[in-house]
Amino acid sequence: VGRRDCHGCLGQGAPGEVSEELPAPRERIDTLPTEIPERTLGLHVASWMIDNLTQPNGPRAGQPFMPTDRQIQFLLQFYALGEKGDWLYRHAARRLAKGQGKSPFAAAVALAELLGPVRFDSFDDEALFGVVPKPMAMPLIQLVATSENQVANTMRMVRAFCKKGGKLAKRYDLDVGKTYIDTPAGGRLEQVASAAHSLEGAEVSFQVGDETEHWLPSRGGPELMATLRRNAAKTGARVMETSNAWIPGEGSVAETTYDAWCDQEDGLTRGKMKILYDARMAPPNAILHDDPEEGQMGLTEALKYVYEDAPWANLTAIREQIWDPAFPESHAMRFFYNRPNAAENAWVTLEEWTQLRKPDRKVEPGEAIVMFFDGSKSNDHTALVGCCLEDGHVFKIGHWRPEKPLNVVNTPAVDAAVRKAFETYQVVAFWADVREWESFVKTSWPEDLGQDLICHAVRGGMSASPIAWDMRSHAYQFAEAAETAFAEIQQQAFTHDGDSALGEHVSNCRVNEFKGRWSVKKESPQSQKKIDLAVCMIGARMLYRHVKNSKDWADMQKPSGGWGVFL
3 VGRRDCHGCL GQGAPGEVSE ELPAPRERID TLPTEIPERT LGLHVASWMI
53 DNLTQPNGPR AGQPFMPTDR QIQFLLQFYA LGEKGDWLYR HAARRLAKGQ
103 GKSPFAAAVA LAELLGPVRF DSFDDEALFG VVPKPMAMPL IQLVATSENQ
153 VANTMRMVRA FCKKGGKLAK RYDLDVGKTY IDTPAGGRLE QVASAAHSLE
203 GAEVSFQVGD ETEHWLPSRG GPELMATLRR NAAKTGARVM ETSNAWIPGE
253 GSVAETTYDA WCDQEDGLTR GKMKILYDAR MAPPNAILHD DPEEGQMGLT
303 EALKYVYEDA PWANLTAIRE QIWDPAFPES HAMRFFYNRP NAAENAWVTL
353 EEWTQLRKPD RKVEPGEAIV MFFDGSKSND HTALVGCCLE DGHVFKIGHW
403 RPEKPLNVVN TPAVDAAVRK AFETYQVVAF WADVREWESF VKTSWPEDLG
453 QDLICHAVRG GMSASPIAWD MRSHAYQFAE AAETAFAEIQ QQAFTHDGDS
503 ALGEHVSNCR VNEFKGRWSV KKESPQSQKK IDLAVCMIGA RMLYRHVKNS
553 KDWADMQKPS GGWGVFL
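The numbering used here applies: residue 3 is where the sequence shown begins, and numbers increase by one.
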């Protein structure tokens, strides 16, 4: 069984190097778990494929179908069992680059579900992985999409495996139609391309959601996936998605599933049943030519990494396609590097942000920092970000979402976190947006915590405050700060802690023109893609620069006592 050791690789070193600390979900370039499950039916399923399926096309046409190392690794995970023989995963997603064989493998899994040993029967220490499998009784397998074209490739491969007069059709006495396969015992595999309501209540045993990057709200895609998952929950069935990388912001099912997996990996979900996510993509420092500078990965090396498990892929032809002047770079990144494109008006790409990641840079207690706070009571998230005065390193201190059932932020928890930060670090300066947090920002925090702060948010006048920095009246200054932070990110002028939510919020930012400056905004006022941590990051970097250039900070650095530097 092939093991994948690139799980944490970010591309800073050679492919195959293991990161000491697992990156944030959105920063991983290989998402498939590497640990082999203790109990699994995966090798039983793989053996059934080898024994029963014949490769219908390509250089190995006519030979037994042989799952690749990674496909076997996926089967081991997808068919993993708990202590009672229950599934560990009821939902899986395979996001692949063009030409990696997602349709033939999806067809093979669907046929195994129709005919093979895909259900738990009993435990037996003498059996493979300690479990005895059995076929599903009267299975109903559905290949589902929002249009016939999306599911046509997978169904074509199913029919090729089951061609009339072939080994599989004879062995199982199959009735092979254009859009279905029937077994004598009442099992059925069928192609379905219809609206969500027409599938409601179907007693399925397994469903393939094909090309879910095209399952858009305008086509009823999210409703269709919701129906599949409801049906699966009712019958104990499972859903497997296949997709290419999506276009961000379109609201596709592929993007929604990835977001849900990221939340799962960040520990933000409650359910025990997890999503199995299988994707390998080019590292963030991969470029689209073969003349890399120091710290970059060239095109050929990146393609070898992405297509390592697809030896049939013609990398020469892919390179020529990428270098075709008429072929957009965004398509190259999405189809061949397997990376969702940044939106056209994205402020910073996740790839650019990822290359500043330095999780081994620990912020020590007592270290001098500045902090920036952006709060909301109900509509948006509340965030607190710090920046170290020693080297400008950015780190998340706190992040709060509105909590059920009242859908409001836990105000005492936020207040406690701010006070804890003052106890833990030497907070030199602290600015906070005012809106919805007036009593804290203008009164309790300044009175209790503000006596030693320098570089007050507002000096003099009726609005003087060490902490209250109202973004409504400082929009132009914040836009300047956003421009500067953008330049610093491009120049890799600072590092960050690699926090998953911080990276997500940065990549959610869209460019917003304000009085000739380029600030940031959400993709729409009602969007659920939040940017609050990114706002705090920009604010913290702004305050860092302000403090470092201030007379107050210079005075703090002067040696005390008559002997000056000799003390």
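The beta carbon of each residue, even a glycine, is placed where N, CA and C say it ideally should be.
In this structure, the alpha-carbon of residue 120 lies about 23 Å from that of residue 281. Bridge partners of residue 166 according to DSSP: none are assigned. DSSP places residue 135 inside the beta strand (DSSP E), whose first and last residues are 133-136.
The beta carbon of residue 188 sits closer than 7 Å to the beta carbons of 140 from its chain, once the five residues preceding and following it are set aside; these are given in chain order.
The three-state reading of DSSP puts residue 86 in coil, since its state is none of H, G, I, E or B. If you keep only unbroken alpha helix (DSSP H) runs of at least 4 residues inside the region 292-369, you get 301-308, 317-325, 352-356. By the CB criterion at 8 Å, residue 507 and residue 533 fall inside the cutoff. A contact is defined here as three or more CB-CB pairs under 8 Å, and the region 147-154 fails this definition with respect to the region 42-55. Beta-carbon to beta-carbon, residue 546 and residue 519 are separated by about 19 Å, too far to satisfy the 8 Å threshold.
If you draw a straight line from the Cα of residue 217 to the Cα of residue 229, it comes to about 13 Å.
By alpha-carbon distance to residue 115, the top candidate from 513, 240, 341 is 240. Residues 144, 146 of the same chain have their beta carbon placed closer than 6 Å to that of residue 194, with the five preceding and five following residues left out of the count. Cβ-Cβ separation between residue 343 and residue 250: approximately 7 Å, consistent with a contact (criterion under 8 Å). The residues 123, 124, 126, in chain order, have a CB closer than 7 Å to that of residue 134 in the same chain once the five nearest residues on each side in sequence are set aside. The alpha carbon of residue 495 has as its nearest neighbour, out of 501, 503, 24, 486, the alpha carbon of 486. Note on residue 509: 16 or more other CB atoms within 10 angstroms of its CB, so buried under the neighbour-count rule. Among the bridge pairs identified by DSSP, residue 376 is matched with 385. A check of alpha carbon separations from residue 305 across 290, 296, 297 identifies 290 as the nearest.
Under DSSP, residue 56 takes part in a beta bridge, and its partners are 66. With 16 or more other Cβ atoms inside 10 Å of its own Cβ, residue 371 counts as buried. Taking a 10 Å sphere around the C-beta of residue 212, we find 16 or more other C-beta atoms and assign the residue as buried. Three or more Cβ pairs drawn from the region 310-330 and the region 70-80 lie within less than 8 Å of each other, which places the two stretches in contact. With fewer than 16 other Cβ atoms inside 10 Å of its own Cβ, residue 65 counts as exposed.
Remark: C-beta atoms of residue 456 and residue 554 approach each other more closely than 8 Å. Taken through DSSP and simplified to helix, strand or coil, residue 550 comes out as helix. Counting of Cβ neighbours within 10 angstroms places residue 270 among the exposed residues, the total staying below 16. Within the DSSP bridge table, the entry for residue 521 names 514 as partners.
In the three-state reduction of the DSSP assignment, residue 231 falls in the helix class. Our two residues, residue 558 and residue 373, have alpha carbons roughly 18 Å apart in a direct line. With respect to the 8 Å criterion, residue 549 and residue 536 are not classified as neighbours on the basis of their beta carbons.
In this structure, 366 is the residue among 366, 453, 432 with its C-alpha nearest to the C-alpha of residue 426. If you draw a straight line from the Cα of residue 59 to the Cα of residue 376, it comes to about 57 Å.
Here the C-alpha atom of residue 322 lies approximately 12 Å from the C-alpha atom of residue 338. When rounded, the separation of the alpha-carbon atoms in residue 263 and residue 245 is 15 Å. Residue 192 is bridged by DSSP to 144, 182.
Only residues of its own chain outside the window of five on either side were considered, and among them 66, 67, 68, 69 have a CB closer than 8 Å to the CB of residue 52, listed in chain order.
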